[in-house]
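Trainee: Numbering (my numbering), first residue to last: 1 to 191.
1. Just the C-alpha distance for residue 51 and residue 34, rounded to the nearest angstrom, thanks.
2. Please report how far the alpha carbon of residue 151 lies from the alpha carbon of residue 13, in whole angstroms.
3. From which residue to which residue does the beta strand (DSSP E) around residue 109 run?
4. State buried or exposed for residue 130, treating a residue as buried only when at least 16 other CB atoms are found within 10 Å of its CB.
5. Pull the bridge partners of residue 9 from the DSSP assignment, please.
6. My assumption, with CB atoms under 8 Å, is that residue 143 sits in contact with residue 123. Please give the rounded CB distance.
7. Taking buried to mean at least 16 other C-beta atoms within 10 Å of its own C-beta, is residue 75 buried or exposed?
8. Taking the alpha helix (DSSP H) that residue 89 falls in, what are its first and last residues?
9. Given this structure, state the Cα-to-Cα distance separating residue 84 from residue 36, to the nearest angstrom.
10. Residues in its own chain within less than 6 Å of residue 10 by CB, not counting five upstream and five downstream?
11. Is it true that the segment 21–31 meets the segment 113–127, where meeting means three or more beta-carbon pairs spaced less than 8 Å apart?
12. So residue 165 is in the alpha helix (DSSP H); what residue range does that whole segment cover?
13. In angstroms, rounded to a whole number, what distance separates the CA positions of residue 119 and residue 102?
14. Going by CA-CA distance only, name the one from 126, 108, 105 and 59 that's closest to residue 157.
15. Just to confirm, is the Cβ distance from residue 79 to residue 133 under 8 Å?
16. Do residue 141 and residue 6 come within 8 Å of each other at the CB atom, strictly closer than that value?
17. For residue 34, which beta-bridge partners are listed by DSSP?
18. Can you give the beta carbon distance from residue 104 to residue 38, rounded, assuming they're within the 8 Å contact cut?
The following block contains the structure:
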């Protein structure tokens, strides 16, 4: 599947929440997340603009691969996410397994996330209001869809951003911001 996403700085979350409700969005989750990022033994994900993470939401665990970004203004990329067994023991076992395969821990990103959802032109649009430890507050607008619907989904994401009066896009991932570097879409680290 393709994750069509755009991220923006979030100066006032209470105001944005009111705007989301006015657009018909409903709060579907309010959760703490911790993302354990790993780097591959055969290539540097910081250079290839890929990501591999183990996400923990309470007792739930999810393993996610994100491919290189498709363009310079959105954070659109291939995303493959697999639910894993729940619990701390399972999470630690997955991290140990990857370590034995040569993967290295990169960093952990912790955040508080409120997720709103609403329907728009046949798509489910999600707005994630994130308070990211040591990074800041952001809103991510995203649609998960098939490759063939990329253009329509991207247009809806940016139309919603305009309706919410959001500022310029932030194309750096939370991991890039935490580590203090950027990667150009498709790979190769920037300044």
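Ideal placement from N, C-alpha and C gives every residue a C-beta, glycine not left out.
Mentor: Judging by the given coordinates:
1. 15 Å
2. About 28 Å.
3. 104–120
4. Taking all protein chains in view, the Cβ of residue 130 is crowded by 16 or more other Cβ atoms within 10 Å, so the residue is classified as buried.
5. 138, per the DSSP bridge assignment.
6. 5 Å
7. buried
8. 88–100
9. Their backbone Cα atoms lie some 14 Å apart in a straight line.
10. 137, 138 and 139
11. Segments in contact, yes.
12. Here residue 165 belongs to no alpha helix (DSSP H), and DSSP marks it neither H nor E.
13. Linking residue 119 to residue 102 through their CA atoms gives a straight-line distance of about 42 Å.
14. 126
15. Cβ atoms of residue 79 and residue 133: not closer than 8 Å.
16. If you check the CB distance, residue 6 and residue 141 come in under 8 Å.
17. 56 and 110
18. Contact check for residue 104 and residue 38: beta-carbon distance about 7 Å, within the 8 Å limit, so the pair qualifies.
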